[in-house]
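Chemist: I'd like to ask you about the structure that follows.
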Amino acid sequence: MTQMRQAREELFALLEQAVKEAMRRGFLPTLTELPNFVVETPPQEEFGDFASNIAMLLARPMQKSPMEIANAIAQCLPKSDLIESVEIAQPGFINFRLTNLWLHEAIKEAIERDEKFGHWQIGQGKKVQVEFVSANPTGPLQIGNARGGALGDAIANLLEAVGYKVEREYYINDVTMSTQVQNFGESLEARYLQLLGYDVPFPEEGYKGEYVIELAREIVNEYGDAFVNLSPEERRQKFITLARDKIVAQHKSVLERFGITYDNWVSEQWLYDSGRVAKTIDLLKQRNLTYEAEGALWMRTTDFGDLKDEVIVRRTGAPTYFASDIAYHLYKHEREYEFVVDIWGADHHGHVPRMHAALRALGIERNGEWLKVVLYQLVRLVKEGSTVRLSKRAGEIVSLDDLLEWIGKDASRFFMLIRSADTHLDIDLDLAIKQSQENPVYYVQYAHARCCSIFREAEKRQHPSLSKYNQADLNLLIEEVERRLMKLLAQFPEVVKESSLKLSPHLLTQFCIQIADRFHDFYERCRVLGEDVQLSAARLALVKATQVTLRNALNLLGVSAPEAM
RNA sequence: GCGCCCGUAGCUCAGUCAGGAUAGAGCGUUGGCCUGCGGAGCCAAAGGUCCUGGGUUCAAAUCCCAGCGGGCGCGCCA
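Anchor point for the first sequence: position 164 equals 195 in the working numbering, and the numbering is continuous, going up by one each time.
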């Protein structure tokens, strides 16, 4: 139980008691049931620490004005050493200003729990899965994949923080008979032969990127002309496999540089080879969920909320992507996850109702809570005020490698998580590498480094407060900036919980910026290492709590928290 | 045509799911602050038809309906 939660719940209970007492004394009409009121953080500092809307919600059933009700409740509030003062405000809010006790407890909590500060046991160790990036092995990962990666990994971190056991999974869309994989293998084959001096045509719809030539060169270096004399079928097959393996290895490597390590890599081809796709199709048939039409096999997804039925086996006899994806989700289900999260680009949003329909049809979906899909919108890069244009046709793409080279891992991840997933994202490359306050990544990391620097300075000077901050008297923190900072730090566990349950890391990113803001504010006004040892110790405790909070928050986002910059 | 996402300050966006107070933040702009722990900083000001129009409500950026604008999807591609 965090201090913030505890304070909130205590107020909640006090309000309930007060209403009952007011009814008993006849100040208010008697109701058998109370409405679902809230105790929340008010929008402005001067309204106090917490506010409740209970009086306004009671106005209708009680046939009295909210102000009148609020007054009656305030009069009947039981005494509590939590509350400093209570105010009634138009149109009927009850505002509480609390004593600083809970804030002090929160600071101590941060210092004591250290890297566990902000963590919860909500997940009770249940197993969940987050699947993300899952690109076609036909080329380098791009900035869109980077957003998916940053999101997926941060969401995984957040779910871990609230107590789930999380597996990160990458689904390789490597089906060799798929048009794209075939095409890619053929492109690679053509480049290989061309490098060896053969005059072969490049496939018309082939992958024209420079990276294909580079891969071909690698193969020439490793295998020489060993594939020239194979039969065309054999050679093609060989190249398709080689292409897949090489690209998957590259993906793995660049994702590691991006700070992402997966627990599982699942191959779509394997779903076929192991018979899972065929079994899935049989299962759908058995359950009478399919019908044949126009030479293809369809699934009745419309019976389960989809807009149109979907083909699962083509006229050619080849199963569709939808079929293997059902097989894939059945495989996920077999592994007994409490729920699974899929991170997809917004261009896949048409796939969402299909998958939900299929899972409902198979009885896997329990009230829409098992498969959680997070869709993210496109990312654009902006440089000198204009969009960095991408032309896939010309083979010019901005890859994740490029992004990492230009702005580095921390800035990439931070910016990818600064907005909610379902909003378009512009990343200003000039801003992202700027080492100044304008750049939020630096601003936040700098705040952390500054906390560390204060401790370094204290050690250097052997400041006597250093050994005392663990038992500091936090009552000495009386400045408004100190209180504001404490209040924000106290919110951290709830922010973690909320961003986790909403699968919304950007809430945490925004929180980081706020902390940095208030910390710099504090730093500017309050000297930490001064002559008053007791005061210094108290402020050092606040700095430590800030450091812990920032470090934990940044780590959840996958951004490093440097001790010096 | 149908479906999904977005529309909030000059710019980029929080806030919308769970309706509450004078709608917030960062950047930019303007003006100010610094001899001590990192100026890689701080303060202040200006800046808004919350896309439009209806509806529900004591109360709407938030919920409902109808439009408008932008993006995406609607394939026996993945």
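For every residue, glycine included, the Cβ atom is placed at its ideal position computed from N, Cα and C.
What does DSSP give as the partner residue(s) for A120 in the beta ladder?
Modeler: Its beta-bridge partners are F124.
Chemist: From I119 to R570, what does the alpha carbon distance come to, in whole angstroms?
Modeler: About 33 Å.
Chemist: How would you write the range of the beta strand (DSSP E) that M330 sits in, first residue to last?
Modeler: Where M330 is concerned, the enclosing beta strand (DSSP E) stretches over A327 to M330.
Chemist: Is P109 buried or exposed, if buried means 16 or more other CB atoms sit within 10 Å of its CB?
Modeler: Classification of P109: exposed, given that the 10 Å Cβ count is below 16.
Chemist: Considering Cα atoms alone, identify which of Q466, S531 and A101 is closest to N126.
Modeler: Answer by Cα proximity: A101.
Chemist: In the DSSP assignment, find the unbroken alpha helix (DSSP H) run with L571 in it and report its ends.
Modeler: Segment V564 to L588, the alpha helix (DSSP H) holding L571.
Chemist: When the Cβ atoms of the region 463–473 are set against those of the region 314–323, are three or more pairs found closer than 8 Å?
Modeler: No, the region 463–473 is not in contact with the region 314–323.
Chemist: Once the 5 residues before and after H380 are set aside, which same chain residues still bring their CB inside 8 Å of it?
Modeler: Correct list, in chain order: L406.
Chemist: Do you know how far the Cα of R385 is from the Cα of Y293?
Modeler: Approximately 27 Å between the Cα atoms of the pair.
Chemist: So who's on the other strand from S262, going by DSSP bridges?
Modeler: Its beta-bridge partners do not exist; DSSP assigns none.
Chemist: By alpha-carbon positions, which one of L129, K196, N188 and G290 ends up nearest to K157?
Modeler: K157 has its Cα closest to that of K196, out of L129, K196, N188 and G290.
Chemist: Please give me, in chain order, every unbroken run of the beta strand (DSSP E) with length at least 3 that falls completely inside the region 286–361.
Modeler: The qualifying runs are 295–298, 321–324, 327–330 and 341–344.
Chemist: For Y477, which residues in the same chain have their Cβ closer than 7 Å to its Cβ, ignoring the five residues on either side in sequence?
Modeler: M596, listed in sequence order.
Chemist: Could you give the residue range of the alpha helix (DSSP H) that holds Q211?
Modeler: Its alpha helix (DSSP H) spans residues T210 to L226.
Chemist: For P74, count the other beta carbons within 10 Å of its own beta carbon; 16 or more makes it buried, fewer makes it exposed. Which is it?
Modeler: By the neighbour-count rule (16 or more Cβ atoms within 10 Å), P74 is not buried but exposed.
Chemist: How would you call I186, buried or exposed, if buried means at least 16 neighbouring beta carbons within 10 angstroms?
Modeler: Counting Cβ neighbours within 10 Å, I186 comes out buried, since at least 16 surround it.
Chemist: Using the Cβ count rule (16 or more neighbours within 10 Å means buried), how would you classify A166?
Modeler: So A166 counts as buried.
Chemist: Output yes or no for whether 8 Å exceeds the beta carbon distance between G154 and G179.
Modeler: The answer is no: Cβ separation not under 8 Å.
Chemist: Check the C-beta distance from A141 over to L520 and give it rounded, since I have them as a contact under 8 Å.
Modeler: At roughly 6 Å, the Cβ-Cβ gap stays under 8 Å, so A141 and L520 are in contact.
Chemist: Using the C-alpha atoms, what's the distance from A489 back to G175?
Modeler: Between G175 and A489, the C-alpha separation is close to 44 Å.
Chemist: Round the Cβ separation of Y46 and I104 to the nearest angstrom and send it over; I've been treating them as touching at under 8 Å.
Modeler: Just to set this straight, residue 46 is Leu in the shown sequence, not Tyr. 7 Å between Cβ atoms; contact.
Chemist: DSSP three-state label for Q173, please.
Modeler: The answer is strand: DSSP assigns Q173 an E or B state.
Chemist: If distances are taken between C-alpha atoms only, which option among D548, R514, F446 and L560 comes closest to Q493?
Modeler: Checked all of D548, R514, F446 and L560; the closest Cα to Q493 is L560.
Chemist: Measuring straight from C-alpha to C-alpha, what distance separates L587 and L189?
Modeler: Near 6 Å, if we compare the C-alpha coordinates of L189 and L587.
Chemist: S591 bridges to which residues according to DSSP?
Modeler: None, per the DSSP bridge assignment.
Chemist: Just grab the DSSP bridge partners of V159 for me.
Modeler: Answer by DSSP bridge pairing, in chain order: V197.
Chemist: Since G649 and H387 are thought to touch, with beta carbons under 8 Å apart, how far apart are those beta carbons, to the nearest angstrom?
Modeler: For the chain, the structure presents residues 32 to 596; residue 649 sits outside this window and is missing.
Chemist: Assuming H537 and L435 are in contact, meaning their beta carbons sit under 8 Å apart, how far apart are those beta carbons, in whole angstroms?
Modeler: Not quite, the Cβ-Cβ distance comes to about 21 Å (not below 8 Å), so this is no contact.
Chemist: Of all the options S116, L182, D433 and A86, which has the alpha carbon lying nearest to the alpha carbon of S451?
Modeler: The shortest C-alpha separation from S451 is found at L182.
Chemist: Taking only three categories from DSSP, how would you classify D459?
Modeler: Here D459 sits in strand by DSSP.
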